[in-house]
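Below is one structure; the comments refer to it alone.
In the numbering used here, the protein residues as written are 1347 to 1426.
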């Protein structure tokens, strides 16, 4: 949003904080019923990464779901 839409970091953080109660009440509890959860977070591989163009993605899949095959993302530190 900062680069594409020109929002400031402060306005983005304020917007996220303003929605936190709704997230906690309605979105987060749905994780327990989900077959797949994808988390997209800032990387931990680049110290002092202020641009945050590199992301850390975590895929959590429920085992035993019909027609699901295990999916593995790249290992930590992958250059792919």
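C-beta: ideal position from N, C-alpha, C; glycine also.
(message) For the pair the stretch 1375-1389 and the stretch 1350-1364, tell me if three or more CB-CB distances fall below 8 Å.
(response) No, because fewer than three Cβ pairs between the stretch 1375-1389 and the stretch 1350-1364 fall closer than 8 Å, the two stretches do not touch.
(request) Could you check which residue in 1416, 1371, 1400 and 1393 has the C-alpha nearest to that of residue 1387? (result) Residue mapping note: residue 1387 aligns to position 41 of the chain shown, counting from 1. Considering only 1416, 1371, 1400 and 1393, the residue with the shortest C-alpha distance to residue 1387 is 1400.
(request) Select from 1384, 1354, 1348 and 1368 the residue whose C-alpha is nearest the C-alpha of residue 1418. (result) The count along the chain shown starts at 1 and reaches residue 1418 at position 72. The candidate whose alpha carbon is nearest that of residue 1418 is 1384.
(request) Just the C-alpha distance for residue 1355 and residue 1349, rounded to the nearest angstrom, thanks. (result) Translated into positions along the chain shown, residue 1355 becomes position 9. Translated into positions along the chain shown, residue 1349 becomes position 3. The alpha-carbon of residue 1355 is positioned some 10 Å away from that of residue 1349.
(request) Quick one: give me the first and last residue of the alpha helix (DSSP H) that residue 1358 is part of. (result) Position 12 of the chain shown, counted from the start, is the residue given in the question as residue 1358. 1355-1368 is the span of the alpha helix (DSSP H), which, as asked, contains residue 1358.
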